[in-house]
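Undergrad:
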Amino acid sequence: MGYMTAPSAIHADQIRAFSRLLVDNAPLLERHPQEAVQAIEIGFKSLPKEDQVGIVQYVDRTLNPPEHPFMSTENGVTLGAHDIVGSTFFIAMNMMLAFTVFFLLERNTVPVQWKRSVTVAMLVTGIAFWNYFYMRSAWVITQQSPTVYRYTDWLITVPLQIVEFYLILQATTNVSIMLFWRLLIGSLVMLIGGFMGEVGACSVLVGFVVGMLGWLYILFEIFCGEAGAVAGNSNSKACASAFNTLRLIVSAGWCIYPIGYYMVYLGPTFSYHADSVVNIIYNLADLVNKGAFGIAIWAAAKSDVKKGLLQ
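Counting in our numbering, the sequence shown runs from -10 upward without gaps.
#1: So, for R139: in the same chain, excluding its five sequence neighbours on each side, which residues have a beta-carbon less than 8 Å away from its beta-carbon?
#2: Which of the three DSSP states, helix, strand or coil, is assigned to W287?
#3: Please state if the CB of T114 and the CB of K279 are separated by a distance shorter than 7 Å.
#4: Scan the stretch 105 to 134 and note each continuous alpha helix (DSSP H) run of 4 residues or more that stays entirely inside, going in chain order.
#5: Could you round the C-beta distance between W157 and S126 to whole angstroms and report it? I think they count as a contact, below 8 Å.
#6: Touch check for the stretch 154 to 174 and the stretch 227 to 241: three-plus C-beta pairs under 8 Å?
#7: Got a sec? Which residues, its chain only, sit under 7 Å from E215 by beta carbon, not counting five neighbours each side?
#8: Would you please state the rounded distance, in angstroms, between the beta carbons of I286 and E95? I believe it to be under 8 Å.
#9: Does DSSP put M60 in a helix, a strand or coil?
#10: By Cβ distance, which residues of its chain are closer than 8 Å to F282, with the 5 residues on each side in sequence left out?
#11: Does the Cβ of F78 have 16 or more other Cβ atoms within 10 Å, making it buried, or fewer, making it exposed?
#12: How long is the line joining the alpha carbons of S192 and D72, rounded to whole angstroms?
#13: Taking the alpha helix (DSSP H) that F279 belongs to, which residues open and close that run?
#14: Would you say the beta carbon of A127 is closer than 6 Å to some non-hydrogen atom of the ligand SAH?
#15: Only counting the same chain, and skipping five residues up and downstream in sequence, which positions put a Cβ closer than 8 Å to that of Y302?
#16: Give the straight-line distance between the Cα atoms of V90 and K34, rounded to the nearest whole angstrom.
#17: Determine the direct distance from the alpha carbon of L194 to that of V253, and round the result to whole angstroms.
#18: Are the Cβ atoms of G196 and G183 separated by less than 7 Å?
#19: Classify A289 as buried or exposed, calling it buried when 16 or more other Cβ atoms lie within 10 Å of its own Cβ.
#20: For S240, which residues of its own chain have a beta-carbon under 7 Å away from its beta-carbon, when the five flanking residues on both sides are left out?
#21: If we call anything under 7 Å between Cβ atoms a contact, is L180 one with L144?
#22: Measure the CB-CB distance between A81 and L276 and report whether it falls below 7 Å.
#23: May I ask you to report which of helix, strand or coil DSSP gives T162?
#24: With the cut-off set at 7 Å, would you say N248 and V74 are in Cβ contact?
#25: If you compare alpha carbons, which of V267, F88, E30 and C213 is closest to I116?
#26: When the Cα of F118 is compared with those of Y250, G221, L86 and F212, which residue comes out closest?
#27: Output the distance between the C-alpha atoms of F212 and M84, rounded to the nearest integer angstrom.
#28: Are the beta-carbon atoms belonging to A220 and F232 less than 7 Å from one another?
#29: Express the C-alpha separation of A274 and Q132 in angstroms, rounding to a whole number.
#30: Within the same chain, show all residues whose beta-carbon is closer than 6 Å to that of Y251, passing over the 5 residues directly before and after it, in chain order.
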């Protein structure tokens, strides 16, 4: 889950790289414009992918500034009529609040052994709501991807979600504390790898590989490792149902994030619209991967209630 879009702001080294292309081809541009454009295009394609993305976004926003992306008010800003990306930020923020209130109200209606899992689900959506509150403002005002806020959210909520596997198993059987730490470390490796690749602390490819290794380890643990084995031997249908649903979300739902990272940083093509498209995808994916995650846990807990297991 620790993958993000390219930064919208252009950096000084990107400006210098693009300026060199223009200066080197200035004489040719006057005499043979078509050949000069081809030479600049070839040089542009030789730049690192992240530099290309930054330059394209910068030029597009400079030559085509957004027309009224938001409306000013005396109390701040409000969403513009045609800001689709901003709309998804508002939808995600409101839904995260709704999930949080729902889990809070339902927390005391589930068996004691499930309360901790439902509480963690409430924390995940509550933290996401708080961060989306700032992310939607950052987008509406700047029209740029709120990378720092996004990772602030993921670095807290993703480990909590992964720990849910341990809590679900612990609710119905004895499980090693080492499983808790292995799942936690795997989630942190996944997130830190993606974050370092985005901010330039390492190459985007290295960050992608490290993040993928963390995610693949989590998949191994919940399918073939101790977590998968314990879940397979559990006599609780509620535990098995919740575990299998969460496993499906982590394996299928979370694949959206590395795909987005690859498309923007490592893919053969890119567009200055990629920032907007991927933010829409991530916002909607967060709703499923956080909201449905918690609903699956709540549904399993309520199935125990129906069997008369409320304590």
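Where a beta carbon is used, it is the ideal one built from N, C-alpha and C, also for glycine. Please read all numbers here as calculations on a predicted model, not as lab measurements.
TA: Walking through what the data contain:
#1: Reading the sequence shown from its first residue, position 150 is the one you call residue 139. Same-chain partners within the cutoff: M(-7), N120, M124 and Y271.
#2: Mapped onto the sequence shown, residue 287 falls at position 298. It is helical.
#3: In the sequence shown, counting from the first residue as 1, residue 279 sits at position 290. In the sequence shown, counting from the first residue as 1, residue 114 sits at position 125. Cβ distance < 7 Å, so K279 and T114 count as in contact.
#4: For the stretch 105 to 134, not a single whole alpha helix (DSSP H) run of length 4 or above is found.
#5: Here the question's residue 157 lines up with position 168 in the sequence shown. Here the question's residue 126 lines up with position 137 in the sequence shown. Per the sequence shown, the amino acid found at residue 157 is Ile instead of Trp. That pair is no contact at about 35 Å.
#6: In short, these stretches touch, since the Cβ pair count reaches three.
#7: In the sequence shown, residue 215 corresponds to position 226, counting from 1. Cβ neighbours of E215 beyond the five flanking positions: S165 and L168.
#8: Your numbering for residue 286 matches position 297 in the sequence shown. Your numbering for residue 95 matches position 106 in the sequence shown. About 10 Å; that fails the 8 Å criterion.
#9: If you number the sequence shown from 1, residue 60 lands on position 71. Unreliable placement is indicated for M60, whose pLDDT of 47 sits below 50; the coordinate value is still reported in the next sentence. Secondary structure at M60: strand, using DSSP grouped into helix, strand and coil.
#10: Here residue 282 refers to the residue found at position 293 when the sequence shown is read from its first residue. By the criterion of a C-beta distance shorter than 8 Å, F282 is surrounded in its chain by A110, V113, Q150, E153, L235 and I238, once the five residues flanking it on both sides are discounted.
#11: Residue numbering aside, residue 78 sits at position 89 when the sequence shown is read from its first letter. When all chains shown are included, F78 counts as buried.
#12: Along the sequence shown, read from residue 1 onward, the residue named residue 192 stands at position 203. Along the sequence shown, read from residue 1 onward, the residue named residue 72 stands at position 83. Spanning the two alpha carbons is a distance of roughly 32 Å.
#13: By 1-based counting over the sequence shown, the position of residue 279 is 290. The question names Phe, yet the displayed sequence has Lys at residue 279. Element bounds for K279: n/a, residue is neither H nor E.
#14: This structure lacks the ligand SAH; in fact it carries no ligand of any kind.
#15: It is not possible to answer for residue 302, since the shown part of the chain is limited to -10 through 300.
#16: Mapped onto the sequence shown, residue 90 falls at position 101. Mapped onto the sequence shown, residue 34 falls at position 45. When rounded, the distance between both Cα atoms is 49 Å.
#17: Locating residue 253 in the sequence shown gives position 264, counting from the first residue. Locating residue 194 in the sequence shown gives position 205, counting from the first residue. Taking C-alpha positions only, V253 is separated from L194 by approximately 12 Å.
#18: Your numbering for residue 196 matches position 207 in the sequence shown. Your numbering for residue 183 matches position 194 in the sequence shown. When the beta-carbon positions are compared, G196 and G183 come within less than 7 Å of each other.
#19: Working through the sequence shown from its first residue, we reach residue 289 at position 300. Buried is the label assigned to A289, since at least 16 other Cβ atoms lie within 10 Å of its Cβ.
#20: Stepping through the sequence shown from its first residue, residue 240 is reached at position 251. Within its own chain, the residues whose Cβ lies closer than 7 Å to the Cβ of S240, once the five positions on either side in sequence are excluded, are L208, listed in chain order.
#21: Residue 180 sits at position 191 when you count from the first residue of the sequence shown. Residue 144 sits at position 155 when you count from the first residue of the sequence shown. Contact: yes.
#22: Numbered from 1 along the sequence shown, position 92 holds the residue referred to as residue 81. Numbered from 1 along the sequence shown, position 287 holds the residue referred to as residue 276. Cβ atoms of A81 and L276: closer than 7 Å.
#23: Reading the sequence shown from its first residue, position 173 is the one you call residue 162. Coil at T162, not helix or strand.
#24: The residue you call residue 248 lines up with position 259 of the sequence shown. The residue you call residue 74 lines up with position 85 of the sequence shown. The amino acid occupying residue 248 in the given sequence is Ile; Asn does not appear at that position. Cβ atoms of I248 and V74: not closer than 7 Å.
#25: Position 127 of the sequence shown, counted from the start, is the residue given in the question as residue 116. Of the residues V267, F88, E30 and C213, the one whose Cα lies closest to the Cα of I116 is F88.
#26: Mapped onto the sequence shown, residue 118 falls at position 129. If we check each option's Cα against that of F118, L86 comes out closest.
#27: Start at 1 with the first residue of the sequence shown, and residue 212 comes out as number 223. Start at 1 with the first residue of the sequence shown, and residue 84 comes out as number 95. C-alpha separation (whole angstroms): 30 Å.
#28: The residue labelled residue 220 in the question sits at position 231 within the sequence shown. The residue labelled residue 232 in the question sits at position 243 within the sequence shown. Their beta carbons are under 7 Å apart, which means A220 touches F232 by this criterion.
#29: Looking up residue 132 in the sequence shown gives position 143. Looking up residue 274 in the sequence shown gives position 285. Counting only the Cα atoms, A274 lies some 20 Å from Q132.
#30: If you number the sequence shown from 1, residue 251 lands on position 262. Spatial neighbours of Y251 in its own chain (CB-CB distance under 6 Å, excluding positions within 5 residues in sequence) are not present.
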